[in-house]
Amino acid sequence: MIFRRVGFDGYRSVSFLQQKKYTRFLAQAAVIAAVYVVLTVVFAPFSFSEVQVRISEALTILPVFTAAAVPGLTVGCLLGNIVGGAPLPDVVFGTLATLLGAVGTRLLRGWKPAAAILPPIVANMVIIPFVLRYAYDLELPIPLMMVTVGLGEVISCGVLGLLLYKALYSRRKELFR
């Protein structure tokens, strides 16, 4: 039996079902993080530049199906940026953009999928151009980088993310219990 701290004066036991649910949540988050890292590293030439189509960003549709995708995507982005050799500002602010996008997608999960893909597109479109300017010393105008990053996000989150959504939707109850 696992015990969880209730307050200063005692503990309460956590039921087997709660343990199982928590374990499933952690496992789903870990798998999502691992897939994000692998996709980021394998497709690294497309993942780190001013015109980036980060294939792993297609996974940002997953918070529609499970809350475990929010920490999974966040940790996956953090590790993918570290393993990919990104500078510290990219590691920090790129991860922040992914976290904001994932939370936004989770909040819009009851809406149509086309609305749920907007938060990661907007978060990356606004944050990443500044990362490219100050972490990578790119001299392109910020508005131009917003357009190029936005287009890459539309491809990865919009097109690929919606394809992933359609592929998973019919099996969502089996995959994301």
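Be aware that the sequence shown starts at 1, since it is given in full-length UniProt numbering, and climbs by one per residue. For each residue, glycine too, the CB sits at the ideal point set by N, CA and C. Quick caveat, the model's predicted, so the values are computed rather than measured.
{"Check": "CB of A68 within 7 Å of CB of A29, strictly", "Outcome": "yes"}
{"Check": "Reference G161, options Y22, P45, I121, closest by Cα", "Outcome": "I121"}
{"Check": "Nonlocal neighbours in the same chain, by C-beta distance under 6 Å from F176, ignoring five residues either side", "Outcome": "F65, T66"}
{"Check": "Bounding residues of the alpha helix (DSSP H) (the contiguous stretch that carries D90)", "Outcome": "88-107"}
{"Check": "Environment of R106 [buried if 16+ CB atoms lie within 10 Å]", "Outcome": "buried"}
{"Check": "Residue 202, DSSP secondary structure in three states", "Outcome": "The structure shown has nothing for residue 202, since the chain only spans 1 to 177."}
{"Check": "Sequence-distant residues of its chain with Cβ nearer than 6 Å to I127 (five each side left out)", "Outcome": "F93, A97"}
{"Check": "Alpha carbon of Y22 to alpha carbon of L140, nearest angstrom", "Outcome": "45 Å"}
{"Check": "T95 to Y136 span [Cα, whole Å]", "Outcome": "16 Å"}
{"Check": "Opening and closing residue of the alpha helix (DSSP H) in which I155 lies", "Outcome": "Element bounds for I155: n/a, residue is neither H nor E."}
{"Check": "Proximity of P63 and A102 at Cβ, strictly below 7 Å", "Outcome": "yes"}
{"Check": "Where the alpha helix (DSSP H) containing A58 begins and where it ends", "Outcome": "Run containing A58: none; DSSP gives neither H nor E here."}
{"Check": "Residue interval of the alpha helix (DSSP H) (run including K112)", "Outcome": "Element bounds for K112: n/a, residue is neither H nor E."}
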